[in-house]
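The next block holds one structure in the form of structure tokens; read it before the comments.
In the working numbering, the protein residues as written are -15 to 86.
What follows is the structure, encoded as structure tokens:
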């Protein structure tokens, strides 16, 4: 089960993630985030300390969100990733295209 909570939309879109985001709910997750972004475009910041599990589909969804945000000249940042999830981003070299805070 996943939870996507929009904490703020100005000056940046701040979203807290928790639970599990996988192939079963990644499309819904992406749609929720893009809808929040489209309602108030700006940089996106994900607070991920409550995120327990993601899979490769979720990684692809993060890339899709990043591409959407970059078309408007905005940035995306993830913070609070646990060591296992952060390792997935590093192995796939996604830490080279999006900001991942410690």
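In this text, a Cβ means the ideal position worked out from N, Cα and C, and glycines have one as well.
Residue-level contact to chain D via CB, residue -14, 8 angstroms cutoff: Absent here is chain D; the protein component of the structure consists of one chain.
4-residue-minimum alpha helix (DSSP H) runs that sit fully inside the segment 31 to 81, ordered along the chain: 40 to 54, 67 to 75
Exposure of residue 13, with buried meaning 16 or more beta-carbon neighbours within 10 Å: Residue numbering aside, residue 13 sits at position 29 when the chain shown is read from its first letter. Answer is buried; the Cβ neighbour count reaches 16.
Whether residue 24 touches residue -3 by CB criterion (8 angstroms): Numbered from 1 along the chain shown, position 40 holds the residue referred to as residue 24. Numbered from 1 along the chain shown, position 13 holds the residue referred to as residue -3. A contact, by the Cβ cut-off of 8 angstroms.
Helix, strand or coil at residue 23 according to DSSP, with G and I counted as helix: Position 39 of the chain shown, counted from the first residue, corresponds to residue 23. Correct three-state label for residue 23: helix.
Where the beta strand (DSSP E) containing residue -13 begins and where it ends: Taking the chain shown and counting its residues from 1, the one referred to as residue -13 is at position 3. Its beta strand (DSSP E) spans residues -14 to -8.
Euclidean distance between Cα positions of residue -10 and residue 40: Mapped onto the chain shown, residue -10 falls at position 6. Mapped onto the chain shown, residue 40 falls at position 56. Going from the Cα of residue -10 to the Cα of residue 40 covers about 23 angstroms.
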